[in-house]
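J.: My structure is below; once you've seen it, I'll send some questions.
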Amino acid sequence: MTYIVNDSCIACKYTDCVEVCPVDCFYEGENMLVIHPDECIDCGVCEPECPADAIRPDTEPDMEKWVEFNRKYSEMWPVIITKKDPLPDAEERDGEQGKLEKYFSETPGEGG
1 MTYIVNDSCI ACKYTDCVEV CPVDCFYEGE NMLVIHPDEC IDCGVCEPEC PADAIRPDTE
61 PDMEKWVEFN RKYSEMWPVI ITKKDPLPDA EERDGEQGKL EKYFSETPGE GG
């Protein structure tokens, strides 16, 4: 098992999760985070830290696409280990549907 970040993170990018990750397996895009599925040790400490409920175990139904999504972008984006402020519209976008189609950016974040 591994954990993944889904589209609930897009346009919010809360980073509470990166502070508790013992293996630094989070990677930063311009407007979301992902988890490298091969680096995640399945400890689960990140899941309750996410205010947007964007971190889910891959054992839930229909998670295969998110495992591959997280793998793809974790290989393109820089690692993030330091908590940062969420995006300016995070509270407004939290819980919004269709964020992958509306807001997703492949652009890497700054990392750090």
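Counting with the UniProt record's numbering, you get residues 1 to 112 for the letters of the sequence shown. For glycine and all other residues, C-beta sits at the position ideal for the given N, C-alpha and C.
Find out if the Cβ-Cβ distance for the pair residue 70, residue 35 is shorter than 8 Å.
T.: The residue you call residue 70 lines up with position 70 of the sequence shown. The residue you call residue 35 lines up with position 35 of the sequence shown. In contact: residue 70 and residue 35 (Cβ atoms closer than 8 Å).
J.: Quick one: grab the DSSP three-state call for residue 69.
T.: Along the sequence shown, read from residue 1 onward, the residue named residue 69 stands at position 69. Residue 69: helix per DSSP, three-state reduction.
J.: Let's see if you can read the secondary structure: which residues bound the beta strand (DSSP E) around residue 33?
T.: Taking the sequence shown and counting its residues from 1, one reaches residue 33 at position 33. Looking at the DSSP string, the run of the beta strand (DSSP E) that includes residue 33 is 33 to 35.
J.: To the nearest angstrom, how far is the alpha carbon of residue 26 from that of residue 97?
T.: On the sequence shown, residue 26 is found 26 positions in, with the first residue counted as 1. On the sequence shown, residue 97 is found 97 positions in, with the first residue counted as 1. Each residue's alpha carbon lies about 23 Å from the other.
J.: For residue 84, which residues from the same chain have a beta carbon less than 6 Å from its beta carbon, with the 5 sequence-adjacent residues on both sides left out?
T.: On the sequence shown, position 84 is the one that residue 84 refers to. Same-chain partners within the cutoff: 15.
J.: I need the DSSP call for residue 28, collapsed to helix, strand or coil.
T.: Taking the sequence shown and counting its residues from 1, the one referred to as residue 28 is at position 28. Here residue 28 sits in strand by DSSP.
J.: Identify every residue that forms a DSSP beta bridge with residue 55.
T.: Sequence index remark: in the sequence shown, residue 55 carries index 55 (1-based). Answer is 5.
J.: Just to confirm, are residue 22 and residue 43 a CB contact at a threshold of 8 Å?
T.: The residue given as residue 22 occupies position 22 in the sequence shown. The residue given as residue 43 occupies position 43 in the sequence shown. Yes. Within cutoff.
J.: With distances taken from CA atoms, which of 6, 19, 59 and 2 is nearest residue 80?
T.: If you number the sequence shown from 1, residue 80 lands on position 80. Residue 19 is the option with its Cα nearest to residue 80.
J.: If the criterion is Cβ atoms closer than 8 Å, does the pair residue 12 and residue 78 meet it?
T.: As a working mapping, residue 12 is identified with position 12 in the sequence shown. As a working mapping, residue 78 is identified with position 78 in the sequence shown. Not closer than 8 Å, so no.
J.: Could you tell me how far apart the beta carbons of residue 37 and residue 2 are, in whole angstroms, since I believe they sit closer than 8 Å?
T.: The residue given as residue 37 occupies position 37 in the sequence shown. The residue given as residue 2 occupies position 2 in the sequence shown. Indeed they touch by this definition, with Cβ atoms about 4 Å apart.
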